[in-house]
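Novice: Numbering (our numbering), first residue to last: 1 to 196.
Submitted below is the structure of interest, expressed as structure tokens.
Structure (structure tokens):
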């Protein structure tokens, strides 16, 4: 599938309207990592840490976005799967956007290799490298199964869920790998992946 980015899925009605997003809304993964408003998320402190400090492995943080609308911040959240609350296509634990920060919006980053995870605990999370993002309340990892998608105005939008996919060695599969891609500090727009 190539590189996918976490994004706010927009209905066609939002394209021609100035109306704000109505939470709780879902999230999806889209092809390409070029920064646009719908795939740009802010890393937020939830434990009162300094704003300018980098997040560390094992530290709780929040992910927020405006989704291209300037009205308010929406926070990435998840909750246990129930008979009424689950992902539409895969029926796994859903991931959604909400207006309020709470225990449902807390996430942690872990090193991608489970054999080296303990050694990296407490160290800053490097940008542009593989990590596992785990939901603090349910202890399930953020994932893109890649076989559940819908078509929208922007192309294929893959379903994002909370589910820890493990291989035969009890290590997370690549469906659970994420990268924090930072903006390009150069003169032109783009991400750090675009730099020569």
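Ideal placement from N, C-alpha and C gives every residue a C-beta, glycine not left out.
Just so you know, these numbers come straight off a predicted model, no measurement behind them.
What whole-angstrom Cβ distance do residue 89 and residue 159 have, given they're in contact under 8 Å?
Specialist: Here residue 89 refers to the residue found at position 89 when the chain shown is read from its first residue. Here residue 159 refers to the residue found at position 159 when the chain shown is read from its first residue. Yes, they are in contact, since the Cβ atoms of residue 89 and residue 159 sit about 5 Å apart, within 8 Å.
Novice: So for residue 119, helix, strand or coil by DSSP?
Specialist: Here residue 119 is taken as the residue at index 119 of the chain shown, counted from 1. Correct three-state label for residue 119: helix.
Novice: Mind checking whether residue 41 and residue 65 have CB atoms under 8 Å apart?
Specialist: If you number the chain shown from 1, residue 41 lands on position 41. If you number the chain shown from 1, residue 65 lands on position 65. Yes, they are a contact pair.
Novice: I'd like the list of long-range same chain contacts for residue 196, defined as Cβ closer than 6 Å, with 5 residues on each side in sequence excluded.
Specialist: If you number the chain shown from 1, residue 196 lands on position 196. Confidence at residue 196 is low in this model, with a pLDDT of 45, below 50, so the placement of that residue should be treated as unreliable; the coordinate-derived value is given next. For residue 196, where only same-chain residues beyond five positions count, there are no Cβ hits under 6 Å.
Novice: Taking the C-alpha atoms as reference points, what is the distance between residue 74 and residue 67?
Specialist: The residue labelled residue 74 in the question sits at position 74 within the chain shown. The residue labelled residue 67 in the question sits at position 67 within the chain shown. If I take the Cα positions, the gap works out to 8 Å.
Novice: Thinking C-beta only, is residue 136 closer than 8 Å to residue 60?
Specialist: Taking the first residue of the chain shown as 1, we reach residue 60 at position 60. Taking the first residue of the chain shown as 1, we reach residue 136 at position 136. Contact: yes.
Novice: Hey, is the stretch 100–112 in contact with the stretch 144–157, meaning 3+ C-beta pairs nearer than 8 Å?
Specialist: No: fewer than three Cβ pairs fall under 8 Å.
Novice: Mapping DSSP to helix, strand and coil, what is residue 10?
Specialist: Stepping through the chain shown from its first residue, residue 10 is reached at position 10. Note: residue 10 maps to coil in three-state DSSP.
Novice: Between which two residues does the beta strand (DSSP E) carrying residue 28 extend?
Specialist: On the chain shown, residue 28 is found 28 positions in, with the first residue counted as 1. From DSSP, the beta strand (DSSP E) with residue 28 extends over 28–31.
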